[in-house]
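See structure below.
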Amino acid sequence: MYGCQQILISPNKELGAILEFLCRESNKLANCGTYYARQLFFKTGKIPG
């Protein structure tokens, strides 16, 4: 899985909104990569690397 380091901050509303947006978009990107990797495996039997 993924390794992460937690850093606690107290952002203002603007920074909080930016961070939330970036986190949501990065999660979507990771999910998209996982989806395409699984589809490639199901169609070809190859594990992308």
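Those letters in the sequence shown? Residues 32 to 80, by the numbering used here. No residue lacks a Cβ here, since even glycine has one placed at the ideal position from N, Cα and C.
Within 9 Å, strictly: CB atoms of residue i and residue j
| i | j | result |
| --- | --- | --- |
| Pro42 | Leu53 | no |
| Phe72 | Pro79 | yes |
CA-to-CA distance, residue j to residue i, given in whole angstroms
| i | j | result |
| --- | --- | --- |
| Ser57 | Ala68 | 17 Å |
| Gly47 | Asn62 | 22 Å |
| Tyr33 | Leu39 | 19 Å |
| Thr75 | Lys59 | 24 Å |
| Lys77 | Gln70 | 10 Å |
| Thr65 | Gln36 | 22 Å |
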